[in-house]
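*Asks:*
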Amino acid sequence: MSSFIATASPAPAASPIDGVVTNDGWYPDVSLTDMRDAMRLDGTLTAERIRHATRDAVLSVNCELSAWRMRQVAAGHAALDDVPAVRVDGESAFVHHYLRAVYHRAYADVTEKFRGYDSTKSGGQDAVDLACTVEEAGRNARWAVSAILGVPNSTVELI
């Protein structure tokens, strides 16, 4: 008697992705390896796609924080890491939140591109699952930006 056990094929190995997305000097540069590892991106994404999404995310987050940054520069802070903040594991909380916002924006961007390739029932469910993932990544990015700005994650009013 013989038996067959089906197993899922392993995710493709991640391709080497050296380098950083160089930022403007005030915000930290973004290591593509750190971003890929933190967000658990596998080898299905090319290094070029990850770099492109990360560059878009950096520009988006920098734009969203521009007014806050101007206030910090006016207060004499030469870089994000110089803004007084709690330090955890040697890293400024502001730097941590900034990188979290960039990572999650980039992740939402690359994940969103995977929706809609499969029209089968299981493919439709996968698209729904990916939509939730994209929304969660977007939410996490917004919360990270809110943490930098010092504003609540949500606004609630009595009607």
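In terms of our numbering, the sequence shown opens at residue 4 and continues consecutively.
Cβ coordinates follow ideal geometry from the N, Cα and C atoms, glycine included.
On a predicted model such as this, the values are computed, not experimentally measured, just so you know.
At which residues does the alpha helix (DSSP H) containing Met42 begin and terminate?
*Replies:* Here residue 42 refers to the residue found at position 39 when the sequence shown is read from its first residue. No alpha helix (DSSP H) contains Met42, which DSSP labels as neither H nor E.
*Asks:* Using the three-state DSSP reduction, which class does Glu67 fall into: helix, strand or coil?
*Replies:* Taking the first residue of the sequence shown as 1, we reach residue 67 at position 64. Correct three-state label for Glu67: helix.
*Asks:* Can you give me the Cβ contacts of Ser149 inside the same chain, cut-off strictly under 8 Å, excluding the 5 residues immediately before and after it?
*Replies:* Locating residue 149 in the sequence shown gives position 146, counting from the first residue. These residues qualify, in order along the chain: Pro155 and Asn156.
*Asks:* In the DSSP assignment, find the alpha helix (DSSP H) that holds Asp112 and state where it starts and stops.
*Replies:* Residue mapping note: residue 112 aligns to position 109 of the sequence shown, counting from 1. Run containing Asp112: Ala96 to Glu115, per the alpha helix (DSSP H) assignment.
*Asks:* Cα-Cα, which of Gly46, Arg90, Asp92 and Pro31 is closest to Val61?
*Replies:* Numbered from 1 along the sequence shown, position 58 holds the residue referred to as residue 61. Looking at the Cα atoms, Pro31 is the closest of the given residues.
*Asks:* Using only alpha-carbon positions, find the residue among Ala109, Gly28, Arg145 and Ile151 that is nearest to Leu44.
*Replies:* Here residue 44 corresponds to residue number 41 of the sequence shown, with the count starting at 1. Nearest of Ala109, Gly28, Arg145 and Ile151 to Leu44, Cα basis: Ala109.
*Asks:* Run through the DSSP bridge pairs and tell me what Ser34 is partnered with.
*Replies:* Residue numbering aside, residue 34 sits at position 31 when the sequence shown is read from its first letter. Answer is Val23.
*Asks:* Take the Cβ of Gly119 as the centre, count every other Cβ of all protein chains shown within 10 Å, and call the residue buried at 16 or more, exposed below.
*Replies:* For the purposes of this step, residue 119 is taken as the residue at position 116 of the sequence shown. At Gly119, the pLDDT of 48 sits below 50, so the modelled position is not reliable and the matter cannot be decided from this model.
*Asks:* Does the beta-carbon distance from Ala96 to Ala104 come in below 8 Å?
*Replies:* Residue mapping note: residue 96 aligns to position 93 of the sequence shown, counting from 1. Residue mapping note: residue 104 aligns to position 101 of the sequence shown, counting from 1. In this structure, Ala104 does not lie closer than 8 Å to Ala96 by Cβ.
*Asks:* Shortest alpha-carbon distance to Gln75 belongs to which of Val159, Thr49 and Leu152?
*Replies:* Here residue 75 refers to the residue found at position 72 when the sequence shown is read from its first residue. Ranking the options by Cα distance to Gln75, first place goes to Leu152.
*Asks:* Take Leu35 as the anchor and find which of His107, Arg54 and Arg90 has the nearest alpha-carbon.
*Replies:* Translated into the one-based positions of the sequence shown, residue 35 becomes position 32. Nearest option by C-alpha distance: Arg54.
*Asks:* Who are the Cβ neighbours of Thr25 in its own chain at under 6 Å, not counting the five residues just before and after it?
*Replies:* One-based indexing of the sequence shown puts residue 25 at position 22. Asp32, listed in sequence order.
*Asks:* Taking just the CA atoms, how far does Glu51 sit from Glu67?
*Replies:* The count along the sequence shown starts at 1 and reaches residue 67 at position 64. The count along the sequence shown starts at 1 and reaches residue 51 at position 48. Cα-Cα distance, rounded: 24 Å.
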